[in-house]
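Shown next, in structure tokens, is the structure this report addresses.
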Amino acid sequence: MLWETVKLALTSIRRNVLRSILTLLGIVIGVAAVIAMVTIGSGASQKVQENLAKLGSNMLIARPGQSTFGPGGTTNDSRSFDERDIAALKGELTGVRGIAPSAQKSAKVVYGALNYDTTVTGSTADFFTVQDWTLADGRVFTEGEERSGTSVCVIGSTIRTELYGTDDPLGERLRIGNFGCEVIGLLESKGQSAFGSDQDSTVIIPLRTYHRRLAGNTRISSINISVAEAADIPRVQRDAEDVLRERRRVAPGEEDNFTVRDMTQIANTMASTTTILTGLLGAVAAVSLLVGGIGIMNIMLVSVTERTREIGIRLAIGALERQVLTQFLVESIVLALFGGILGILTGLGLAALAAMLMGVPFTADPRIIAAAFLVSAAIGVVFGFFPARRAARLDPIEALRRE
Amino acid sequence: MAPLIAFSNIQRHYGEGGGLVRALAGVDLVIDRGEFIAIMGPSGSGKSTAMNIIGCLDRPTSGSFKFSGLEVTGLSRDERALLRRNYLGFVFQGFNLLNRTTAIENVELPLIYRGSPKRERRERAVRALHQVGLEGREHHTPGELSGGQQQRVAIARAIVTDPLILLADEPTGNLDTARSHEIMQLLNRLNEENGITVVMVTHEMEMAAYAHRAIRFIDGAIASDETRIAA
Ligand SMILES: Nc1ncnc2c1ncn2[C@@H]1O[C@H](COP(=O)(O)OP(=O)(O)OP(=O)(O)O)[C@@H](O)[C@H]1O
Ligand SMILES: [Mg+2]
């Protein structure tokens, strides 16, 4: 009986293909929007998570000036940090895994006939710990090298492939600006950063080497602090602020001339932005599902009116109210499911396309697809019920008289 | 045994106040099993109204209607649907077949609602179509059949459930004389060979002559009720 009903529903949908498809547009759009959004959203947040993990865990970043967060760094040229600030932090802070002062500069690096524009960072061996870099080969700076400002460097995988190709760079010379240094370590690849830049296009040299050979000053533009326990982050952040305030002679009540930022906090902000966006798109999708549902109700009412005589015949030959109700309900469910399936396919297609364009992973979550399927069916039930009941309650005599 | 149909003082009113229409104004009628009845009378005399009540499609305003001893007047919609499904067959003037649905599917329809298994449905539908002389036309849609053939499909659909009674409201109203006689012969055969009680409404004396009993309605009441003495 149910199968008969489903077949009947399919037949009557097939008789009005164009009308059915137009009716379904609302559901198709709604479901497609949800599927695309959720799929892209989860891919994007997966990507953000990965990127943040690459950035280093439990990380605090201190920068001079009141800067807005972003790849640009400081906005006003307030006094940078110096070696004594680092010493003070190292002396005062507890519960940290590492404190890495750093300064950066873009420079052309040259090997043989090849050159590449990249960012050169001066820092200490802690930098690798704090930023979660792993070595593919070689070693990082020794304390002696740091102290004496030896000309050694650790290079990212982009530099390696761009300049050395298949050669082994370890022990080779790399010229940075106008001084040469020896390659002592190779970094594992991290890929793109959360902001889309290539994190592997990097050369890291000891801070003192950087100051002497490249910068010509002793400025430290940022201090990365890795906190051992996540729960400790706020405390360490406060302590670091106190130390730096004292060091930089900020009077009580005066605004800090530096910032200490919690990267986890930034991650959370980004995550909540994504949530808001998801919610907004969800609302749009809900509206189009509602419109789709009303479309189904409308078309089912039209169908009931058009088929009044048919309903009369069915009732006259002994169909129960329930059977007529089921017939029309099944019809609207089949219609809605049809729209839902089209929507799921469209949504996945869009998501795959967007994932490709945005370079984020494409992961189709079967739970979301199942949910979309169920929601479509539910729309069919909810919006098909009223027309179906109208059909079931028709007076057979009246219905048969209708032309 | 209780008569198949027993009307006692059946009234059916439409509208109210000044616009009140007494479509049936107190009808007493008994129909026994195996009868072949023609209902006649002028237009608006209440023939269709009476047929609809006998067919359990409509309910009288007052009075008692017993179907095989069972009081129908108090039954719910679904209970009446069950009566129709199991004991009644309908043939209408306008054939009332489902368009774009083949003859055999139309005939199967009442069995679908009864929940009969597919094989049984097919067999019975084929047999019913055979009985009305439509073998070979099973897969034609109403649009591909003549008026007389469509009415035969409708009759097949009415008898496929082996009803106790076949109700036909002007079954030949849309057919020419030759076709009408064929339908009458078919009804006559169903009555005599299958023992189905037949009640039909007709305007034509010629067709009424096939019946064994003629009831004439005038203004919602039975004006005459004659049983033809078998020759
Ligand atoms: N649904 C209705 N609403 C109001 N009045 C109705 C309704 N159905 C029938 N009537 C009235 O009841 C009376 C009997 O109608 P009915 O259809 O039984 O006549 P009939 O004998 O079948 O006529 P015909 O030979 O034209 O088919 C008529 O006066 C008709 O107008
Ligand atoms: Mg009539």
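Protein chains in written order, with the working numbering: chain A, 3 to 405; chain S, 254 to 484. All residues carry an ideal CB built from backbone N, CA and C; glycine is no exception.
Can you list, in chain order, every residue whose CB sits closer than 7 Å to a heavy atom of ligand 2?
In chain order, the qualifying residues are S/K300, S/S301, S/D422, S/E423, S/V454.
Put A/G75 into one of helix, strand or coil per three-state DSSP.
Bear in mind that the predicted position of A/G75 carries a pLDDT of just 46, short of 50, making it too unreliable to give a figure here.
Beta carbon of S/G294: closer than 7 Å to some heavy atom of ligand 1?
Flag set: Cβ of S/G294 near ligand 1.
Taking 8 Å as the threshold (beta carbon to beta carbon), is S/R338 in contact with chain A?
Yes, S/R338 counts as interfacial toward chain A.
Looking at chain A, which residues of the region 365-377 of chain S have a Cβ within less than 7 Å of any of its Cβ atoms?
Correct list: I365, Y366, G368.
Can you give me the C-alpha to C-alpha distance between A/G72 and A/L26, rounded to a whole angstrom?
In this predicted model, A/G72 has a pLDDT of only 46, less than 50, meaning its place in the structure is not dependable enough to derive any value.
Would you please state the rounded distance, in angstroms, between the beta carbons of A/A46 and A/G349? I believe it to be under 8 Å.
The Cβ separation is near 15 Å, so there is no contact.
Count the other CB atoms, across all protein chains shown, that sit within 10 Å of the CB of S/Q403; report buried if there are 16 or more and exposed otherwise.
With 16 or more Cβ atoms within 10 Å of its Cβ, S/Q403 is classed as buried.
Closest to A/V50 by C-alpha separation, out of A/S274, A/T136, A/W5, A/S305, would be which residue?
For A/V50, the nearest C-alpha among the options comes from A/S274.
Would you decide whether S/A345 is buried or exposed? Buried here means 16 or more other CB atoms lie within 10 Å of its CB.
At residue 345 of chain S the sequence reads Phe, which differs from the Ala that was named. Per the 10 Å Cβ criterion, buried.
Are the region 331-348 of chain S and the region 380-388 of chain S touching by the rule of at least three beta carbon pairs closer than 8 Å?
No, because fewer than three Cβ pairs between the region 331-348 of chain S and the region 380-388 of chain S fall closer than 8 Å, the two stretches do not touch.
May I ask you to report which of helix, strand or coil DSSP gives A/F340?
A/F340 falls in the helix class under three-state DSSP.
Hey, does S/R405 have any beta-carbon neighbour from chain A nearer than 8 Å?
False, the Cβ-Cβ gap to chain A never drops below 8 Å.
Say yes only if the C-beta of S/S298 is nearer than 7 Å to one or more non-hydrogen atoms of ligand 1, and no if none qualify.
Within the cutoff, so yes.
For A/T76, which residues of its own chain have a beta-carbon under 8 Å away from its beta-carbon, when the five flanking residues on both sides are left out?
For A/T76, the pLDDT reaches just 45, beneath the cut-off of 50, and the residue's location in the model is therefore unreliable, although a value from the coordinates is still provided. Cβ within range, chain order: R65, P66, G67, S69, S223.
Kindly list, in the order they appear in chain B, the residues whose Cβ is closer than 7 Å to that of A/I315.
Here chain B cannot be found, since the structure's protein chains are A and S.
Hey, is S/F260's beta-carbon within less than 8 Å of any beta-carbon in chain A?
Not an interface residue.
Just checking: is the beta-carbon of S/L398 within a distance shorter than 8 Å of some beta-carbon in chain A?
No, no contact with chain A.
What residues in its chain sit with their C-beta under 7 Å from that of A/S290, if we drop five residues either side in the sequence?
Cβ within range, chain order: G28, I31, G32, A35.
Does chain S have any CB closer than 8 Å to the CB of A/G349?
Chain S contact via Cβ: absent.
For A/Q325, which residues in chain S fall below 8 Å Cβ to Cβ?
Simply Y366.
Taking 8 Å as the threshold (C-beta atoms), are S/T394 and S/T430 in contact?
No. Outside cutoff.
When the Cα atoms are used, what is the spatial distance from S/D331 to S/T480?
Roughly 35 Å separates the two Cα atoms.
Identify the residues that DSSP records as bridge partners of A/Y118: which are they?
DSSP lists A/V111 as partners of A/Y118.
Tell me which residues share the same chain as A/I346 and place their Cβ nearer than 8 Å to its Cβ, disregarding the 5 neighbours each side in the sequence.
Around A/I346: V33, A34, I37, I371, A374, F375.
Of all Cβ atoms in chain A, is any one closer than 8 Å to the Cβ of S/F345?
Cβ-Cβ to chain A under 8 Å: yes for S/F345.
Are the beta-carbon atoms belonging to A/A90 and A/S125 less than 8 Å from one another?
Their beta carbons are not under 8 Å apart, which means A/A90 does not touch A/S125 by this criterion.
Could you tell me which uninterrupted beta strand (DSSP E) segments, each at least 3 residues in length, are contained entirely in the region 159-205 of chain A, listed from first to last along the chain?
As far as the region 159-205 of chain A is concerned, its whole beta strand (DSSP E) runs of at least 3 residues are 175-178, 181-189.
Leaving aside the five residues before and after A/R149 along the sequence, list all residues of the same chain whose C-beta is less than 8 Å from its C-beta, in chain order.
Result list for A/R149: R210, in chain order.
Excluding sequence positions up to five away, which residues of its chain have a Cβ less than 8 Å from the Cβ of S/S317?
Counting only Cβ-Cβ distances below 8 Å, and skipping sequence neighbours, we find A259, F260, S261, N262, I263, E324, T326.
Go to S/Y366, then tell me how far its alpha helix (DSSP H) extends in each direction, as first and last residue.
Element bounds for S/Y366: 356-367.
Counting only the same chain and skipping the five closest in sequence on each side, list residues whose C-beta sits under 8 Å from that of A/L188.
Same-chain partners within the cutoff: L137, A138, D139, G140, V156, I157, S159, R162, P171, L172.
Look at the alpha carbon of S/H266 and the alpha carbon of A/D397, and state the distance between them as a whole number of angstroms.
One C-alpha to the other measures close to 16 Å.
Quick check: is the beta carbon of S/N444 nearer than 8 Å to any beta carbon in chain A?
For S/N444, the answer is no, since every Cβ of chain A falls outside 8 Å of its Cβ.
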